[in-house]
DNA sequence: GCATACGATGTTATCGATAACATATGTCAT
DNA sequence: ATGACATATGTTATCGATAACATCGTATGC
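Chains as they are written, first to last, in the working numbering: chain G, 760 to 1095; chain Y, 760 to 1095.
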């Protein structure tokens, strides 16, 4: 069924049907009502492929995330989806599964469908996507981390500064034998930034870094369970395990409890991200709090901005920071 | 940049370029190589919108899930994405946020883009989507739950039977004062099926159902934390809280631990779904294990089947069951 | 040696909505 | 009353790739 069919049935032209479906076009109210009624009755769904080809407006933006199974990303996706919905745009989601090659494939696949904007989660990218993105002439937004060399717009926070702040606070609490537990092969991921932040904070306090790693990104609770042994093998005198993420920290805590070690009495543990589990776990987990929804909303606002100043090539890259604050909880509480 | 431009540069026709990009078309190897080289150099990305309009093959399937932040759904999405990737199709994901109205909107939005198949997570649907789906003449697959009245294909398991099996096992362990903690307003959701399964198991053992609810779907860890009070308010003699999901169960356990109650000594707790946390938590949580990846793979296989027997309207609806097995762990262990 | 087949490529029409332009009717100010 | 202008609608061309058909040259079989 095409617009033509609807039009013929009403004795009008397809163009009028098309206009009746756009809220701003000039159509007589009676005509519009008749069109909408016919469409409803016939269950007609316009072919957006044809519409997009003709108008060169695809009506969607694409977001690529490394993992769906992550409360932060899903919150960002939800917030961005809502922001775009308000602008009559759809959000299409791609899952890179922490794989750069797959990310590159997805960028190509999405660009072929002509998104009006693309949002990348800014771990390192395959260099081949850069020329594709610049040729596409659409807003590109990198979210979550602050990349060393931004492609265009950025919304996020500095993982490095955030972790540095957390570790500095913990050192301030009197901890010094702090061992970092991160992911293996984390080059150019947010894990690497956090590790760097840890090292800086330790160095600032005149302490030598104590680094361990386990599993590949994303770190899981199971990695944490195994991770405690790794940490103790390398640094038996550890008094606090600073983990790259909350699920990892939860796994470490579970491993301690299985050994009958009190947390924080015998071993303190910190995480990163303020996942729900960090608040609910017993003990509650010290972490860094991030407003994932805010990142999505800011990204939506940037897309809105970019469309206003359209036509002439994007003039200025926008960069917005969201807060990332240390959040000390029971898992690192000092006795007394 | 269009195919035309590539073609002109090579002194050939656009059609040859088009053919060079399809793996099965007959093009001289030398020509194909030249085309691919030119495309690579120029960074040309074919306009799939035009391609789809012309060939009436959009090259993607759509999946709607109620939540991204759920390890099961994300695993299903991942597995289905891989299965489709092998068939040269892309998977586009929509998030209904447990909202039927939003689901209906998304169905319409996706159908406008002419997906070649659509996968729904089978909670109750807005009835208005049914005529749209049937007019679309594409495979429709409902996953996860077994709907009372399937639209077409189904891949899943019976939440009702699975919960009944779990509760029966727990009764077999000697528990009788089992209180169910589910979500409010769960009509026609998988939560309702699980509740029903609980009631059946209790009835079969001659026990009266003890029902409580808290929060709206999806149940969170925080709901569980508050839920313990609700349960104890209604049924103070409860010896086991059977939760509609693992995160809820984890919250209940955390609440017990905050009170200083031993789990399972003072209170036993069960969940549903075998999320990672159910294995890692201390104590590990009794639950029902589901192979979410299998659901995605089966769905992919059904799409493959449907495409083979295409052209003539889908002949038979396929229905596949995946296992859902009770998994007794420490959180419901009997003393001794 | 000739007909048939097939492999490689070109040409034309088409997918369905919409932009751009054209037309008709009515309204208002001078 | 009449031109200027807005409103409502129709007509035609277009977006870019591809299906369908056409063409041409060469290999193959008898």
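Note that beta-carbon positions come from the ideal geometry of N, C-alpha and C, so glycine has one too. As the structure is a computational prediction, the values presented were derived from the model and not from experiment.
Contact set for residue i: own chain, Cβ-Cβ below 6 Å, skip 5 residues either direction
i: residue 794/G; result: 776, 779
i: residue 851/Y; result: 819, 821
i: residue 876/G; result: 820, 897, 898, 1062
i: residue 773/Y; result: 762, 763, 766
Residue i burial status per 10 Å Cβ neighbour count (16 or more: buried)
i: residue 763/Y; result: exposed
i: residue 976/Y; result: buried
i: residue 848/Y; result: buried
i: residue 891/G; result: buried
i: residue 760/Y; result: exposed
i: residue 834/G; result: buried
i: residue 965/G; result: exposed
i: residue 791/Y; result: buried
i: residue 799/Y; result: exposed
i: residue 874/G; result: buried
i: residue 893/Y; result: exposed
i: residue 936/G; result: exposed
i: residue 853/Y; result: buried
i: residue 895/Y; result: buried
i: residue 815/Y; result: exposed
i: residue 855/Y; result: buried
i: residue 860/Y; result: exposed
Sequence-distant residues of the same chain with beta carbon closer than 7 Å to residue i, five excluded per side
i: residue 982/Y; result: 973, 974, 1007, 1010
i: residue 1059/G; result: 839, 842, 843
i: residue 921/G; result: 956, 1047, 1083
i: residue 797/G; result: 765, 768, 769
Check whether residue i and residue j have beta carbons under 8 Å apart
i: residue 916/G; j: residue 1081/G; result: yes
i: residue 1041/Y; j: residue 1016/G; result: yes
i: residue 961/G; j: residue 998/G; result: no
i: residue 979/G; j: residue 1005/G; result: no
i: residue 926/G; j: residue 902/G; result: no
i: residue 836/G; j: residue 880/G; result: no
i: residue 801/G; j: residue 808/Y; result: no
i: residue 1044/Y; j: residue 1030/Y; result: yes
i: residue 1028/Y; j: residue 1090/Y; result: yes
i: residue 1033/G; j: residue 971/G; result: no
C-beta neighbour in chain Y for residue i, strict 8 Å
i: residue 817/G; result: yes
i: residue 894/G; result: yes
i: residue 928/G; result: no
i: residue 848/G; result: no
i: residue 1024/G; result: no
i: residue 1013/G; result: yes
i: residue 836/G; result: yes
i: residue 899/G; result: no
i: residue 1017/G; result: yes
i: residue 851/G; result: yes
i: residue 1062/G; result: no
beta-carbon residue i near the ligand ZN non-hydrogen atom, thresh 7 Å
i: residue 1022/G; result: In the structure on display, the ligand ZN does not appear, and there are no ligands present to speak of.
Proximity test, Cβ basis, 8 Å: residue i and chain G
i: residue 856/Y; result: yes
i: residue 1052/Y; result: no
i: residue 911/Y; result: no
i: residue 980/Y; result: yes
i: residue 942/Y; result: no
i: residue 1031/Y; result: no
i: residue 1035/Y; result: yes
i: residue 839/Y; result: no
i: residue 776/Y; result: no
i: residue 1066/Y; result: no
i: residue 1059/Y; result: no
i: residue 1041/Y; result: yes
i: residue 1055/Y; result: no
Same chain, Cβ closer than 8 Å to residue i, neighbours up to 5 away in sequence not counted
i: residue 863/Y; result: 884, 885, 887, 888
i: residue 785/G; result: 778
i: residue 968/Y; result: 939, 957, 958, 961, 962
i: residue 953/G; result: 918, 919, 921, 922, 941, 1003, 1031
i: residue 993/Y; result: 938, 969, 971
Residues of the stretch 971–1005 of chain Y with Cβ closer than 8 Å to any Cβ of chain G, in chain order:
979, 980, 981, 983, 984
Select from the stretch 862–876 of chain Y all residues with a C-beta closer than 9 Å to any C-beta belonging to chain G, and list them in chain order.
Contact annotation: in the stretch 862–876 of chain Y, residues whose CB is within less than 9 Å of a CB in chain G are 864, 865, 867, 868, 869, 870, 871, 872, 873.
Residues within the stretch 786–812 of chain Y neighbouring chain G, beta-carbon criterion of under 7 Å:
Within the stretch 786–812 of chain Y, the qualifying residues are 802, 804, 805, 806, 807, 808, 809, 811, 812.
Using a Cβ cut-off of 8 Å, which residues of the stretch 880–894 of chain Y contact any Cβ in chain G, in chain order?
890, 891, 894
Which of the residues in the stretch 818–833 of chain G, read from start to end, lie with their CB under 8 Å from any CB of chain Y?
The residues in question are 826, 827, 828, 829, 830, 832, 833.
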